[in-house]
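Visitor:
There are 2 protein chains.
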Amino acid sequence: MNTRFYNAMILTMSDGLNIIKDGQVWIENQTIIFVGTDSESKNLMNSIDWDKEIDCENNLLMPGFKDAHTHSPMTCLRSLADDMPLDEWLHNQVFPIEATLTAQNIYDLTKLAVLEYVSGGITAIFDMYINPEAVGKACIDTGMRCVQVGSINDFTLTPDYIEKMYLKWNNDNPLISYVLGFHAEYTTSESILKQIAQLAKKYKAPVFTHLSETKSEVESCLKRNNMTPTAYLDSLGIFDYGGGGYHCIYMTDEDIEIFKRKNLTVVTNPASNLKLASGIAPISTYLKKDILVAIGTDGPASNNCLDMFREMFLVTGLAKYRENDASAVDANEVLKMATLNGAYAMGLTNADTLEKGKLADLIMIDLNQPNMQPINNITKNIVYSGNKQNVKLTMINGKILYENGNFYIGEEPQNIYKKANELVEKFAFLSKK
Amino acid sequence: MNTRFYNAMILTMSDGLNIIKDGQVWIENQTIIFVGTDSESKNLMNSIDWDKEIDCENNLLMPGFKDAHTHSPMTCLRSLADDMPLDEWLHNQVFPIEATLTAQNIYDLTKLAVLEYVSGGITAIFDMYINPEAVGKACIDTGMRCVQVGSINDFTLTPDYIEKMYLKWNNDNPLISYVLGFHAEYTTSESILKQIAQLAKKYKAPVFTHLSETKSEVESCLKRNNMTPTAYLDSLGIFDYGGGGYHCIYMTDEDIEIFKRKNLTVVTNPASNLKLASGIAPISTYLKKDILVAIGTDGPASNNCLDMFREMFLVTGLAKYRENDASAVDANEVLKMATLNGAYAMGLTNADTLEKGKLADLIMIDLNQPNMQPINNITKNIVYSGNKQNVKLTMINGKILYENGNFYIGEEPQNIYKKANELVEKFAFLSKK
């Protein structure tokens, strides 16, 4: 599939936030082969047969968003149990329902999440779930790019299985890769953590985990190990080859120092952190210390939507509130977090910018909608007033999965909705028994 | 124009949050004449000639959102000056540009805001601006419902002008009404405030104003008057016939007691309050004290989008964070704030619910999109994962202004965008001079 986009504004993100006007992007199969102005394109020998030529009507092409923390199959839990304390939510609602999910359910529910990702311009996810086989298959079948991360803890999966998945998914389909990881310090024994650290050493590989999401998590680790989660995990060698943490709200100066020294990434999840009353991460501090920050939506049970526009506004808005400074965390930095930094954390530096040779993971933003007008500043418009309504097109690996409200993911959305609702009826039946 | 909606789910909001399935809504001119099930509709004699019959395909009809605090013409300032301290933003950017706006500019810029309102399901605004003539005309010409509020301060307008506008707009076009008000305590002399209180007494009318938005505003009032803004204004008789305040972040127990005693409404503006680092209003406390809370977006310079979905999530999310309690401020309460409570504050109790005899201000929410699936709970889906992308149709006063991405407001959106961008170029030219 070869596609030519023309008559575009282009935010390549390879050159600060400069924007090319009257631009073109050429895609051959899954790869970008040209990005430049109309006049530059005229100097090229074009021997390509275009399958599709798209007039962008002066709308904006930019790299897709990288949603750097997700639990895709939890779509079935959306709006099932909101407005309740975190413990009650997790133990009485989330865990019992998840225990009933089959591999087929997980596959179907992941597809529902993919519909939402592509309709919001998300071209890659960093997904943690207990069944990477089903999630991986759903992403391959729909065309979604997915970096899976190990979710072992004391109750599910084994280090051997994590290694098996690591080897399989890093040598299988180009849409899927696999990063070492575990659920969290408070759910995972030292013995397992040491085995994960061994795997990190063996493969010289980064490790990701939920980290310092709540105050009580940090306090319990201090009580058990006399160290914060970050210091404790670091002492076991978990972070010797990089990686990072999801959430990272309650971090000491020493923790931040470890992140700096080991070149770790903070993945922030502001909507989830509000909804579950976890807190606000110190993003401004991370930026001052040159620590890389990426952004994730977290799962649909704790957010409840999978929308990077909402997250971007929250990253800057909450930082401004937290620091009592309306100039804290410039929106342009946030746009980089949602694209470039996510790509770095996920090992997708081959799909981070719009440049010759990069994978064609891109979106078209409709500037001809009232929330994007007037055009004082396109990038600030995206972060402050952008909306998934503005996403006109989402392309992953050279394939268009979403365009003008229509989905091209290999299954009809109505089928996917129907299966999710049947599952919801089953849960209701189970809870009445 | 007579319209029949059928095959609908209906959230009337006149009966808690119960939902009618297989429902119909009939509109004759600007009024709802029937709401009920298919079978109930069959018992009615239908002698109406329908101009339009709309198959809702099982999507949801509900009352439109009431955006209870706006400054519509400030669309020209969107993304012009973000990420800077409030004082610098206001004095070096907002005020100098606003001083150059003509009545025609204000008219055109209001139309841009109207496009955004209707595309996001907002059917009425509570708008404060210095030129109510131009704003009112733009709303009449587009079909937008607008409750204007007086914006007098020491630098603009006079009490006589406020009274003239009050009399004019409450007896002119049914789309427009006018509520007494002034900009803020810190910009308005006691002499003017006393004249506004006299008008309130003369017309037994409520008064609204910006109130306790920042800590420094409260501190300066305490220094000058030895009272908080709320207590000081109340001592002048401003609130003797009701009304309320926009923002209301820094409120003492005594202030809250005054709100309770005088039956005043808090209009909260969470996105603006984050972006300008103003703070988080104590919504949970207001609810416990039975104080009515409505929701507004504030103007596009301080938000920057005019999107009640984002505001709704923030009201509940920020309350949960503030109270350190994931069960604080139930999403269903927030949905009432964004509709019923806004209507009450704005004097629009004739346009608040979907019931026979009410004005036809309604929206259709697309449930067949991934962020609204599965349907565990429709109202929580709206607040937690709803998006303006889900707004399929917006009807105001019986007229469809937005449907499936198309606008019917009497002028082409591209014209309106063009004028806003010409203005932006003029600002750039002025700032270079």
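Chains as they are written, first to last, in my numbering: chain A, 2 to 434; chain B, 2 to 434. Cβ coordinates follow ideal geometry from the N, Cα and C atoms, glycine included.
On a CA-only basis, which of B:Ser120, B:His211, B:Thr159, B:Cys222 is nearest Asp244 of chain B? Give me that one, please.
Guide: In the sequence as presented, Asp is not what sits at residue 244 of chain B; that position holds Gly. It is B:His211.
Visitor: Name the one or two DSSP bridge partners that Gln370 of chain B has.
Guide: Looking at the DSSP assignment, Gln370 of chain B forms no beta bridge with any residue, so it has no partner.
Visitor: With DSSP as the reference, identify every bridge partner of Glu54 of chain A, one or two as the case may be.
Guide: Its beta-bridge partners are A:Arg5.
Visitor: Would Arg146 of chain A pass as an interface residue toward chain B - the criterion being a Cβ-Cβ separation below 9 Å?
Guide: No, Arg146 of chain A does not count as interfacial toward chain B.
Visitor: Counting only C-beta atoms, is Ser221 of chain B closer than 9 Å to chain A at any point?
Guide: Cβ-Cβ to chain A under 9 Å: no for Ser221 of chain B.
Visitor: Where are the beta strand (DSSP E) runs, 3 residues long or more, that stay fully inside the region 335-388 of chain B, in chain order?
Guide: Counting only runs of 3 or more, we get 363-366.
Visitor: Which of the three DSSP states, helix, strand or coil, is assigned to Pro207 of chain A?
Guide: Pro207 of chain A falls in the coil class under three-state DSSP.
Visitor: What are the partner residues of Lys400 of chain B, as DSSP defines its beta bridges?
Guide: DSSP output for Lys400 of chain B lists B:Ile397 as bridge partner(s).
Visitor: Pro175 of chain A and Thr354 of chain A: beta carbons closer than 9 Å?
Guide: Not in contact: Pro175 of chain A and Thr354 of chain A (Cβ atoms no closer than 9 Å).
Visitor: Expressed to the nearest angstrom, what Euclidean distance is found between the alpha-carbon atoms of Leu316 of chain B and Asn30 of chain B?
Guide: A quick correction: the sequence has Val, not Leu, at residue 316 of chain B. Distance between the alpha carbons of Val316 of chain B and Asn30 of chain B is about 35 Å.
Visitor: So, for Met252 of chain B: in the same chain, excluding its five sequence neighbours on each side, which residues have a beta-carbon less than 6 Å away from its beta-carbon?
Guide: Correct list, in chain order: Ser213.
Visitor: Using the beta-carbon of each residue, which ones in chain A are nearer than 8 Å to Asn422 of chain B?
Guide: What Asn422 of chain B touches in chain A: Gln374, Pro375, Ile376.
Visitor: Is Asn407 of chain B helix, strand or coil by DSSP?
Guide: Asn407 of chain B falls in the strand class under three-state DSSP.
Visitor: Pull up the DSSP beta-bridge partners for Tyr247 of chain B, would you.
Guide: B:His211, B:Val268, per the DSSP bridge assignment.
Visitor: Give me the residue from B:Leu223, B:Ile410, B:Glu54, B:Ala139 with the minimum Cα distance to Tyr187 of chain B.
Guide: Taking only the C-alpha atoms, the option nearest Tyr187 of chain B is B:Leu223.
Visitor: Which same chain residues, not among the five before or five after Asn264 of chain B, have their C-beta less than 7 Å away from its C-beta?
Guide: Result list for Asn264 of chain B: Gly243, in chain order.
Visitor: Kindly confirm or deny that the region 394-410 of chain A and the region 144-153 of chain B touch, where touching means at least three C-beta pairs closer than 8 Å.
Guide: Not touching, per the Cβ criterion.
Visitor: For Thr28 of chain B, name the three-state secondary structure that DSSP assigns.
Guide: In the sequence on display, residue 28 of chain B carries Ile and not Thr. Three-state DSSP puts Ile28 of chain B in a strand.
Visitor: Compare the C-alpha of Ser192 of chain B against each of B:Leu336, B:Val180, B:Leu237, B:Asn342 and name the closest.
Guide: With distances taken between Cα atoms, Ser192 of chain B lies closest to B:Leu237.
Visitor: Taking the alpha carbon of Ile376 of chain A as the reference point, which residue from B:Leu363, B:Lys420, B:Asn377, B:Ile376 has its own alpha carbon closest?
Guide: When only C-alpha atoms are compared, the closest one is B:Lys420.
Visitor: Taking CB distances under 9 Å as the criterion, tell me whether Asp326 of chain A reaches chain B.
Guide: Cβ-Cβ to chain B under 9 Å: yes for Asp326 of chain A.
Visitor: Cα separation between Glu423 of chain B and Val384 of chain A?
Guide: The alpha-carbon atoms of Glu423 of chain B and Val384 of chain A are separated by roughly 23 Å.
Visitor: Counting only Cβ pairs nearer than 9 Å, list the residues of chain B close to Pro86 of chain A.
Guide: Neighbours of Pro86 of chain A on chain B, chain order: Asp326, Ala327, Ser328.
Visitor: For Thr157 of chain B, does the three-state DSSP call read helix, strand or coil?
Guide: Thr157 of chain B: coil per DSSP, three-state reduction.
Visitor: Is there a Cβ from chain B that is less than 9 Å from the Cβ of Pro414 of chain A?
Guide: So, interface residue.
Visitor: Alpha carbon to alpha carbon, what distance is there between Val330 of chain B and Ser285 of chain B?
Guide: Using only the alpha carbons, I get a separation of about 6 Å.
Visitor: Would you kindly report the start and end of the unbroken alpha helix (DSSP H) that includes Ile49 of chain A?
Guide: Ile49 of chain A -> no alpha helix (DSSP H), and no H or E assigned at all.
Visitor: Check whether the region 321-337 of chain A and the region 82-95 of chain B are in contact - that is, three or more C-beta pairs closer than 8 Å.
Guide: In short, these stretches touch, since the Cβ pair count reaches three.
Visitor: In chain order, what residues of the same chain have a beta carbon less than 6 Å from the beta carbon of Tyr345 of chain B, not counting five sequence neighbours either side?
Guide: No residues qualify anywhere along the chain.
Visitor: For a contact defined as C-beta to C-beta under 8 Å, what are the partners of Trp90 of chain B on chain A?
Guide: Here the neighbours are Ala327.
Visitor: Going straight from the alpha carbon of Ala198 of chain B to that of Tyr247 of chain B, what length do you get?
Guide: Spanning the two alpha carbons is a distance of roughly 18 Å.
Visitor: Find the residues of chain B that neighbour Leu319 of chain A, judging by a C-beta separation of less than 8 Å, and give them in chain order.
Guide: Within chain B, the residues near Leu319 of chain A are Leu275.
Visitor: Would you say Thr71 of chain A faces chain B, with C-beta separation under 9 Å as the test?
Guide: With 9 Å as the cut-off, Thr71 of chain A does not count as an interface residue toward chain B.
Visitor: Near Gln94 of chain B, which residues of its chain fall below 6 Å by C-beta distance, leaving aside the five closest residues on each side in sequence?
Guide: Within the same chain, Gln94 of chain B has close Cβ partners Ala82.
Visitor: Please classify Tyr179 of chain B: is it buried, with 16 or more other beta-carbons within 10 angstroms of its beta-carbon, or exposed?
Guide: Buried, since its Cβ has 16 or more Cβ neighbours within 10 Å.
Visitor: Is Glu99 of chain B closer than 9 Å to Leu78 of chain B when the C-beta atoms are compared?
Guide: For Leu78 of chain B and Glu99 of chain B, yes; Cβs fall inside 9 Å.
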